[in-house]
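Trainee: This is the structure I have questions about; it appears just below.
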Amino acid sequence: MLNIPRGVTRKYVEELEDYQKQIRIFMRNHQILSYRLKKSTDTNERGNIRGQIETLERFLLQWNEKQKPVLEKIRREIKEVNRKSKDGIKRKKVGSCKATPSTSPYMSDTESNSDPCPTLTLAPGQFTGYITSYNRFTPDGYLDLKEKLKVDAENQEEFILPRIERVISNVQRNEFMNNLDLVLPVTLREMEERARFLNAKRIEYRNLTYIPELSEKKHRIDYNYWRGDYNSSPPTLRTRARVANGNNNQSSSKSTRLSRSSSSRAASPQSSTLIKNVVIKSSEESKKKVLSNNISYSELSPPSDQKHERKILSSNSLITRKNANVLALEKKLKELRETIAEFGPRTISTRKERTRRNELLAEELKLSKKVAKLQDKKI
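Take the sequence shown: its position 367, counted from the start at 1, is 367 in the UniProt record's numbering, and no numbers get skipped.
Put into structure tokens, the structure is as follows:
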């Protein structure tokens, strides 16, 4: 708002305010372009910026010439108001208690019917600082504008800066800056790419430096070693038999995958029954193998010597027990290797899975040594 005393015609004040607003806009744009010219290194871009600065300077001179007649009228009225106020000053009476009337910028008789805030009533298609309608002018050959301006200014048409064809209710900042040719689309894309790059780096740094708390439930070491489909099944279905991978029907011996470090479910009656079945079946197979392949020690010994016969029977039982133990351990070792093979196709990403795999490998090595020791043992 301009600091103009009360009593000046409101029409002149509004015109002067419009001129001053437009001049301030030109001055701000001139500062922005001057800064861009100082920072720019491209020759073509510097030439374009110089042309824009010269156009702004010409517009500044034109609008300054437009506001001069209004300024003269306002100055004459201010002088007249000051002269009348000096002539009409009355001395205050001593002892007077009459209250001084409050002053208001809209209390004069000539301004009683004027709109106190004309900017609040905007017609469709108007905006703040609206002066008059205009036809949009876009000069062709913008780079040759400097040469055209060398001709006499009186014979040239008046150039008008392009404005945004939008009203104040739906104007956007990016479109406004683009129309001023201050922010290019290439610059906006570079800013977006830079923001994406920094965001990706921030996420990568967070993932690489994250240290989980050992007190968190998901990192506790209470992992059970059942299959994935069995471990994630509902509680009412967890009594079903665990089937090994593959489509073969020989699932009676492959239906159990047990280890010493498994959970408490391994001690259930169902699992213990399955273990007994496996041991009994393996012992029967080993007996058949021994009877078919081994030498019958009863034929070599004399029938009269009962002591020698008892030794032969005891050695046969030891051999049978040894073969049964070897078969059971080999069966368990085979199942353990199948369990380890399940870790191959999927990605091992958690600490629990890595720990479990290392435990299984250690158990496999221990079983292999035990089987080799039993096979080398002489009876």
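In this text, a Cβ means the ideal position worked out from N, Cα and C, and glycines have one as well.
#1: Where Q67 and I203 are concerned, what is the direct C-alpha to C-alpha distance, given to the nearest angstrom?
#2: For V8, count neighbouring C-beta atoms within 10 Å of its own C-beta (all shown protein chains included) and say buried if the count is 16 or more, exposed if not.
#3: What is the DSSP secondary structure of S251, counted as helix, strand or coil?
#4: Start and end of the alpha helix (DSSP H) containing T320?
#5: Is T132 helix, strand or coil when you go by DSSP?
#6: What is the DSSP secondary structure of N224, reduced to helix, strand or coil?
#7: Is S259 helix, strand or coil when you go by DSSP?
#8: By DSSP, does D42 sit in helix, in strand, or in coil?
#9: Mapping the DSSP letters down to three states, classify V13 as helix, strand or coil.
#10: Which whole-angstrom value describes the C-beta separation of V81 and P5, a residue pair presumed to lie in contact below a C-beta threshold of 8 Å?
#11: Give a yes or no on whether the C-beta atoms belonging to L336 and L365 are separated by under 8 Å.
#12: Kindly indicate which three-state DSSP category R202 falls into: helix, strand or coil?
#13: Is the distance from the Cβ of V371 to the Cβ of L329 below 8 Å?
#14: If you check the beta carbons only, do H30 and I49 fall under 8 Å apart?
#15: Rounded to whole angstroms, what's the CA-CA distance from K73 to E15? Just pull it up for me.
#16: I'd like the span of the alpha helix (DSSP H) that includes A123, first residue to last.
#17: In the DSSP assignment, the alpha helix (DSSP H) including N358 goes from what residue to what residue?
#18: Thinking C-beta only, is I32 closer than 8 Å to W63?
#19: So for T209, helix, strand or coil by DSSP?
#20: Based on Cα-Cα distance, which residue from K79, Q20, N44 and I78 lies nearest to L61?
#21: Apart from the five residues just before and just after R36, which ones in its own chain have a Cβ nearer than 6 Å to its Cβ?
#22: With a CB to CB cut of under 6 Å and the five nearest residues on each side skipped, what residues in its chain are close to E342?
#23: What does the alpha-carbon distance come out to for the pair E192 and G51?
#24: Please classify P5: does DSSP put it in a helix, a strand, or coil?
#25: Taking 7 Å as the cut-off, is the beta-carbon of Y12 closer than that to any non-hydrogen atom of the ligand ADP?
#26: Could you check how far apart the C-beta atoms of K322 and L374 are, in whole angstroms? I think they sit under 8 Å.
#27: Rounded to whole angstroms, what's the CA-CA distance from S314 to A324? Just pull it up for me.
#28: Excluding sequence positions up to five away, which residues of its chain have a Cβ less than 8 Å from the Cβ of N3?
Mentor: Inspection of the coordinates gives the following:
#1: By one-based count along the sequence shown, residue 67 stands at place 67. By one-based count along the sequence shown, residue 203 stands at place 203. When rounded, the distance between both Cα atoms is 58 Å.
#2: As a working mapping, residue 8 is identified with position 8 in the sequence shown. It is buried - the Cβ of V8 has at least 16 other Cβ atoms within 10 Å.
#3: Numbered from 1 along the sequence shown, position 251 holds the residue referred to as residue 251. Only weak support exists for where S251 lies, its pLDDT of 43 falling under 50; the value from the coordinates is given anyway. If DSSP states are grouped into helix, strand and coil, S251 belongs with coil.
#4: Here residue 320 corresponds to residue number 320 of the sequence shown, with the count starting at 1. Its alpha helix (DSSP H) spans residues Q306 to A341.
#5: Here residue 132 is taken as the residue at index 132 of the sequence shown, counted from 1. If DSSP states are grouped into helix, strand and coil, T132 belongs with coil.
#6: Locating residue 224 in the sequence shown gives position 224, where the first residue counts as 1. Reliability fails at N224, whose pLDDT of 49 lies under 50, so the model's placement of it is uncertain and no value is given.
#7: The residue labelled residue 259 in the question sits at position 259 within the sequence shown. The pLDDT assigned to S259 is 42, lower than 50, so where the model puts this residue is not dependable, and the model offers no usable value.
#8: Here the question's residue 42 lines up with position 42 in the sequence shown. Coil at D42, not helix or strand.
#9: Walking along the sequence shown from the start, residue 13 turns up at place 13. DSSP places V13 in helix when its eight states are reduced to three.
#10: Translated into positions along the sequence shown, residue 81 becomes position 81. Translated into positions along the sequence shown, residue 5 becomes position 5. Correct: roughly 6 Å between the Cβ atoms.
#11: Mapped onto the sequence shown, residue 336 falls at position 336. Mapped onto the sequence shown, residue 365 falls at position 365. Not closer than 8 Å, so no.
#12: On the sequence shown, position 202 is the one that residue 202 refers to. Three-state result, R202: helix.
#13: Sequence index remark: in the sequence shown, residue 371 carries index 371 (1-based). Sequence index remark: in the sequence shown, residue 329 carries index 329 (1-based). Yes, Cβ-Cβ distance for V371 and L329 is below 8 Å.
#14: Position 30 of the sequence shown, counted from the first residue, corresponds to residue 30. Position 49 of the sequence shown, counted from the first residue, corresponds to residue 49. Cβ atoms of H30 and I49: not closer than 8 Å.
#15: Residue 73 sits at position 73 when you count from the first residue of the sequence shown. Residue 15 sits at position 15 when you count from the first residue of the sequence shown. Those two C-alpha atoms are separated by around 11 Å.
#16: Mapped onto the sequence shown, residue 123 falls at position 123. Where A123 is concerned, there is no enclosing alpha helix (DSSP H), given that its DSSP letter is neither H nor E.
#17: In the sequence shown, counting from the first residue as 1, residue 358 sits at position 358. R351 to D376 is the extent of the alpha helix (DSSP H) around N358.
#18: Your numbering for residue 63 matches position 63 in the sequence shown. Your numbering for residue 32 matches position 32 in the sequence shown. Going by C-beta atoms, W63 is not nearer than 8 Å to I32.
#19: Locating residue 209 in the sequence shown gives position 209, where the first residue counts as 1. Reduced to three states, the DSSP call for T209 is coil.
#20: Position 61 of the sequence shown, counted from the start, is the residue given in the question as residue 61. Among K79, Q20, N44 and I78, the Cα nearest to that of L61 belongs to Q20.
#21: Locating residue 36 in the sequence shown gives position 36, counting from the first residue. Within the same chain, R36 has close Cβ partners I49.
#22: Here residue 342 corresponds to residue number 342 of the sequence shown, with the count starting at 1. Excluding sequence neighbours, E342 sits near nothing in its chain.
#23: Position 192 of the sequence shown, counted from the first residue, corresponds to residue 192. Position 51 of the sequence shown, counted from the first residue, corresponds to residue 51. Approximately 29 Å between the Cα atoms of the pair.
#24: Numbered from its first residue, the sequence shown carries residue 5 at position 5. It is coil, neither helix nor strand.
#25: The ligand ADP is absent from the structure shown, which contains no ligands of any kind.
#26: Here residue 322 refers to the residue found at position 322 when the sequence shown is read from its first residue. Here residue 374 refers to the residue found at position 374 when the sequence shown is read from its first residue. Yes, they are in contact, since the Cβ atoms of K322 and L374 sit about 6 Å apart, within 8 Å.
#27: To locate residue 314, count along the sequence shown from 1; it is residue 314. To locate residue 324, count along the sequence shown from 1; it is residue 324. Looking at the two C-alpha atoms, the distance is approximately 15 Å.
#28: Taking the first residue of the sequence shown as 1, we reach residue 3 at position 3. The answer is none, since no qualifying residue turns up.
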